[in-house]
Amino acid sequence: MKLFAGLDLAGTERNESGFVVLEESRLVFQQALYTDSDILKNVLMFGPDIVAIDSPLSFPGKHRGYRECDRELIKLGFKVFPPDFIRSLTRRGIKLAGMLKRRGVPCIEVFPSASQKIMELTVDGKKGTRVWCTRLQEKLRVLITGIPLPSQVLYSVHILDAILCAYTAYLFSRNYAAGIGSRDSGLIHIPIFNPFLHLGSGLDISHIFK
């Protein structure tokens, strides 16, 4: 069985990063992590087939503006910050991805908000609130086994985003997700559709894969 890790990376070690591991489509581990060393230790402990990171993993040319993949997401209606605007997060993501790749762990960049919308998992409420987290966790339970009822254990927004990251990596391994952008400037991996619920995307994304 393949393992897929999701990392909702914070911009600094002072803030919580959500980390989860899926065994195929079953949640086997979730934890809030803070330091780079803790993240590295936990990833290497599981040895996942893919780590999906919610962070820019590259800068655009001359470290200014949007990458091609960022512009494609903007065309789809998503609010995206250019990598140089969130420079501390981008640098941390690049550093961690490099450390993992040197140890033989493949890493991909993902955008959980896009994954959530494309798979029709959008919920009402303000992101990060108790109501929002409860509704998203209930929807994710349909896709992924091992997630408790929100009334038993309510996951934080960082863990829920990490689950979306890991699930996107799982879909990518089955050719149900693909990278948009270019290999030169960076790829963001998003689902093409969700075959397990037979959900077509509510977004017209066909043009970006031509």
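My numbering puts the sequence shown at residues 1232 to 1441.
Every residue, glycine too, gets a C-beta built ideally from N, C-alpha and C.
Nonlocal neighbours in the same chain, by C-beta distance under 7 Å from threonine 1243, ignoring five residues either side | As a working note, residue 1243 is residue 12 in the sequence shown. Ser1319, listed in sequence order.
Which listed residue (Asp1267, Pro1314, Tyr1265) has its alpha carbon closest to that of serine 1416 | As a first step, residue 1416 must be located in the sequence shown, where it is residue number 185. Of the listed residues, the one whose Cα sits closest to serine 1416 is Pro1314.
In chain order, which continuous runs of the beta strand (DSSP E) of length 3 or greater are located wholly inside the segment 1337-1395?
-> 1338-1340
Cβ neighbours of glycine 1412 in the same chain (closer than 7 Å, five flanking residues each side left out) | Walking along the sequence shown from the start, residue 1412 turns up at place 181. Result list for glycine 1412: Arg1298, Glu1299, Cys1300, Glu1303, Leu1418, Ile1419, in chain order.
Look at the alpha carbon of arginine 1361 and the alpha carbon of glutamate 1369, and state the distance between them as a whole number of angstroms.
-> Position 130 of the sequence shown holds residue 1361. Position 138 of the sequence shown holds residue 1369. Rounded to the nearest angstrom, the two C-alpha atoms are 12 Å apart.
Under 8 Å by Cβ, that's how I've got isoleucine 1339 and phenylalanine 1235 pegged, so tell me the actual separation to the nearest angstrom.
-> Residue mapping note: residue 1339 aligns to position 108 of the sequence shown, counting from 1. Residue mapping note: residue 1235 aligns to position 4 of the sequence shown, counting from 1. Actually they do not touch by this definition, with Cβ atoms about 10 Å apart.
Figure out for me which residue from Asp1267, Gly1308, Ser1387, Gly1335 has the closest Cα to the Cα of arginine 1322.
-> Residue 1322 sits at position 91 when you count from the first residue of the sequence shown. With distances taken between Cα atoms, arginine 1322 lies closest to Asp1267.
C-alpha gap between phenylalanine 1260 and isoleucine 1394, whole angstroms = The residue you call residue 1260 lines up with position 29 of the sequence shown. The residue you call residue 1394 lines up with position 163 of the sequence shown. Computed Cα separation, rounded: 10 Å.
Option in Leu1288, Met1232, His1389 with minimal Cα separation from arginine 1414 = As a first step, residue 1414 must be located in the sequence shown, where it is residue number 183. When each option's Cα is compared against that of arginine 1414, the closest is Leu1288.
Using CA coordinates, which residue listed in Asn1406, Gly1237, Ile1423 is at the minimum distance from serine 1248?
-> As a first step, residue 1248 must be located in the sequence shown, where it is residue number 17. Here the closest residue by C-alpha is Gly1237.
Per DSSP, what kind of secondary structure is phenylalanine 1312 in: helix, strand or coil?
-> Stepping through the sequence shown from its first residue, residue 1312 is reached at position 81. If DSSP states are grouped into helix, strand and coil, phenylalanine 1312 belongs with coil.
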